[in-house]
Amino acid sequence: MVYNIYTIPVVLLFMINGFGQLYYAYMLKKKYPNEHNFQNSLITFILWMAGGLLYPLFYTRDTIHVRWFQSLAMTIICIYTPLFIFAILFFQYLFITIHDHKKVEARKIEAFLEDFEEFNPKWRTNQETSLITDLHRKMFHFLPAAIIISLWVFAVHIWGYLWGADKIWGITGEEYGIFLILTVGYSAIIIFAALDYVRLSYIFQKRRIYHLLPDTISRLLIKTLRPNEIYEFTKPVVLILALVPSLFLPFGLFASVALIASLGDAAASIMGIKFGKRNFPKNSNKTIIGYISGFFTSLMISIVILYFFEIHLTLFKIFMIALGGALTFLIIDLLNLKIDDNITNPLFCALIMGLLYFFL
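With my numbering applied, the sequence shown has no gaps in its numbers, which climb one by one up to 466 at the end.
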C-alpha cells in the first residue's frame, strides 16, 4: 500500500474524470432519456473511483527504486498523456479547422450520423450490429488483452530473465510488469476518456468541440460503434476499468479474465451473427450457437493461459478454474442483463475464478 506524492496525483486524476463522466452522463440522460443507459454510466463512475483508489495498492513495496518507477508512471499518466491529448486537439484547431469552415461543417455530429447511417443502413430500425461492424469492434476490444499479455511476457521473461535488468533497476520482473500494465493501461483510459469528452460535446449547445475530433477517430467509431453507443461512452474505457480489480489476482487469472471478456465475447457474438439460426430466448438476438461458441472459447483460452502462466497448478485445478470462468460467462450471456457485459464479464469472471483459485 503506497499512497505518496507520486501515486496520489493519479488517484485524483481518476476521481476528477469519474465526476466528469458522471456529469456528461447526467446531461446525456437529460437530452436522450430513451437512448442513454444511465445505470451503466453510474457503474462506470464507480469503476473510475475504484480505479483511482486502487492504483497505489498495486505497489506492494515502498523502496527508493519503486518510488522512481512510481514517479515515472505519474509523469506519463498525469503530465505527458494530457499534453499528448492537448497537442492533438490543438493541432486540429490550429492547422485543420480554424481556417476551413467547410471542414468544421463536415465534422459536426449531424455529418457523423449521416456517415454512420451510410455504413449501417438499418441502424434506425434495427439495433443489432452487422457482422463487419462486430468484427471491427471485437478486434478493437481484443487489443487491451493482447497488449497486457505482451507487456507481462516482455517484463518477466525478457527484461527480467534474459536481460537481468531487475538486478540493475532494483525491482523484480513482476513488479516491472505491473508498472508497465498500469502505466500503459491508465494512460489509455485517459486518452479514450478525453476523446469521449470531445465526441459527446455535441450535448452542449454553446460548448461543442466535436469538430476537433480527428477524421481517423471518426472513421474508426463509424466502424466499431453500435447504434446505442452513439449516446454512450466508448466501451474500451469501461472494459479496461472493469479489468483493474482483477490485476490483484495471479497474472494467469488476470489474463484469462481479459481474454474471456474479449475473445470469448467475440466468439459468441460473431458466431451468433454469422451462423445463428435459433434465438434464445425467442425475443432476443442471442443465439444458441453463440452461447456454445462463447462458452467453449472461454474454456479453452483459460485452460491454455493458466497452463502456461500458472505452472504450479494441477491440471484438475486449471480445468476447474477455467470451467468456472466459462460458466460465469455463459450465465451472464444467458441473463442478458441491461448492465453492459464489458462490466459484468470481467468483474464476475474474476470473482469466481479467484475464489476457485484460492479455495479449491
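Note that the Cβ used here is the ideal one computed from N, Cα and C, for glycine as well.
Under three-state DSSP, which class holds residue i?
i, result
"THR169", "coil"
"THR289", "helix"
"ASN123", "helix"
"THR420", "coil"
"TYR129", "helix"
"HIS142", "coil"
"GLY431", "helix"
"THR239", "helix"
"PRO115", "helix"
"ASP446", "coil"
"LEU327", "helix"
"VAL210", "helix"
"VAL108", "coil"
"PRO320", "coil"
"GLY460", "helix"
"ARG305", "helix"
"GLN198", "helix"
"TRP269", "coil"
"GLY157", "helix"
"THR203", "helix"
"ILE437", "helix"
"LEU134", "helix"
Residue i: buried (16+ other C-beta within 10 angstroms of its C-beta) or exposed?
i, result
"THR169", "exposed"
"LYS244", "buried"
"GLN176", "buried"
"GLN127", "buried"
"ASP446", "buried"
"PRO139", "exposed"
"LEU331", "buried"
"GLU281", "buried"
"GLY358", "buried"
"ARG167", "exposed"
"ASN451", "buried"
"ALA193", "exposed"
"ARG313", "exposed"
"SER375", "buried"
"PHE339", "buried"
"GLN311", "exposed"
"ASN442", "exposed"
Quick one: Cα of residue i to Cα of residue j, how far?
i, j, result
"LYS341", "ASN448", "7 Å"
"LEU119", "ILE183", "9 Å"
"ILE394", "LEU433", "15 Å"
"GLY382", "PHE454", "26 Å"
"THR113", "ILE309", "33 Å"
"LYS135", "LEU160", "29 Å"
"TYR316", "THR187", "20 Å"
"LEU440", "TYR397", "8 Å"
"LYS380", "PHE222", "22 Å"
"ALA212", "VAL344", "29 Å"
"TYR130", "LEU347", "18 Å"
"PRO162", "MET155", "13 Å"
"ILE185", "LEU318", "21 Å"
"THR239", "GLU335", "13 Å"
"ILE277", "ARG173", "10 Å"
"TYR132", "THR150", "13 Å"
"PRO356", "GLU416", "8 Å"
"LEU405", "LEU429", "6 Å"
"SER399", "ILE407", "12 Å"
"VAL259", "LEU419", "19 Å"
"MET121", "ILE204", "33 Å"
"PHE298", "LEU306", "12 Å"
Mind listing, in chain order, the continuous alpha helix (DSSP H) runs of no fewer than 4 residues lying wholly within the region 334-396? Qualifying alpha helix (DSSP H) stretches, in chain order: 341-349, 357-365, 371-381.
Please confirm if the region 285-303 is in contact with the region 252-269, defined as three or more CB-CB distances below 8 Å between the two stretches. Output reads yes: the region 252-269 touches the region 285-303.
Is the region 414-434 touching the region 319-330, taking contact as three or more C-beta pairs under 8 Å? Taking 8 Å as the limit for Cβ pairs, the verdict is that the region 319-330 does not touch the region 414-434.
Inter-stretch contact (C-beta, 8 Å, three-pair minimum) for the region 257-265 and the region 141-159: Counting Cβ pairs under 8 Å, fewer than three are found: no touch.
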